[in-house]
Amino acid sequence: SDSIAFTCVPGPSAADTALVLSGLPSESFLFLGFVPREARQQDVFFETVLKSSHTVICFESPRRIVPTLQKLRDLNPERLVAVARELTKIHEETLRGPVTDVLKTLSERGELKGEYVLLVAPKPITLPHDDSAPELATAVENVRKIADLPLSTAVKIVAAVTGVPRNRVYDASLK
């Protein structure tokens, strides 16, 4: 957030290095290789990406990175992404932010070059709008899925964030 430049010692693959540079959650990630070329396969691919509770990492070519980001923007314009290119090279760069902003930055450039790694943030945790049992139970389940936490820890987190007493959150999660 302070625009301080930093780099990362190269890992075993571009996916690892890009994950570190992205600033996105790194507790768990899903590597999906290259984005499919066929429209039907892309639909399934993006559905998987947008539902994932893990940071998703994939590769994309310079010719297809903008159309890929456009499709992602059309499906979820506020999803946080990072696009890393030319990792471990002199022109190394990582763009971060909502897909709309990253797309705008790349679209304004001329011919794009380099190897691109696209990272998509996990599906955000939905916190309850009220303290009804179903809303609390859903929040606890979402927290458990994203961070692979035991029930007791997820209950503590939801209680702390919502201000609802822990025993009430726990009771709601058992129903």
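In terms of this note's numbering, the sequence shown is residues 388 to 562. Quick reminder that beta carbons are idealized off the backbone N, C-alpha and C, glycines included. Because the structure is a prediction, the values reported are computed rather than measured.
State buried or exposed for Ile391, treating a residue as buried only when at least 16 other CB atoms are found within 10 Å of its CB.
Position 4 of the sequence shown, counted from the start, is the residue given in the question as residue 391. Label assigned to Ile391: exposed.
Compute the distance between the beta-carbons of Ala559 and Pro521, then report whether it is under 9 Å.
Reading the sequence shown from its first residue, position 172 is the one you call residue 559. Reading the sequence shown from its first residue, position 134 is the one you call residue 521. Yes, these two residues count as a Cβ contact at 9 Å.
Using the C-alpha atoms, what's the distance from Thr549 back to Phe421?
Stepping through the sequence shown from its first residue, residue 421 is reached at position 34. Stepping through the sequence shown from its first residue, residue 549 is reached at position 162. Cα to Cα, Phe421 sits roughly 39 Å from Thr549.
Give the secondary structure of Lys507 by DSSP, where H, G and I count as helix, E and B as strand, and everything else as coil.
Counted from its first residue, the sequence shown places residue 507 at position 120. A small correction: the amino acid at residue 507 is Val; Lys does not occupy that position in the sequence shown. Strand, per DSSP.
Taking the CB atoms as reference points, tell me whether Val504 and Val470 lie closer together than 9 Å.
The residue labelled residue 504 in the question sits at position 117 within the sequence shown. The residue labelled residue 470 in the question sits at position 83 within the sequence shown. It is a contact, given that the beta carbons lie within the stated cut-off.
Taking 6 Å as the limit between beta carbons, can you name the residues of its chain near Lys500, skipping five residues before and five after?
Along the sequence shown, read from residue 1 onward, the residue named residue 500 stands at position 113. Contacts found: Pro449.
Is the Cβ-Cβ distance between Ser440 and Lys543 less than 9 Å?
As a position in the sequence shown, residue 440 is number 53, starting the count at 1. As a position in the sequence shown, residue 543 is number 156, starting the count at 1. Contact flag unset, no.
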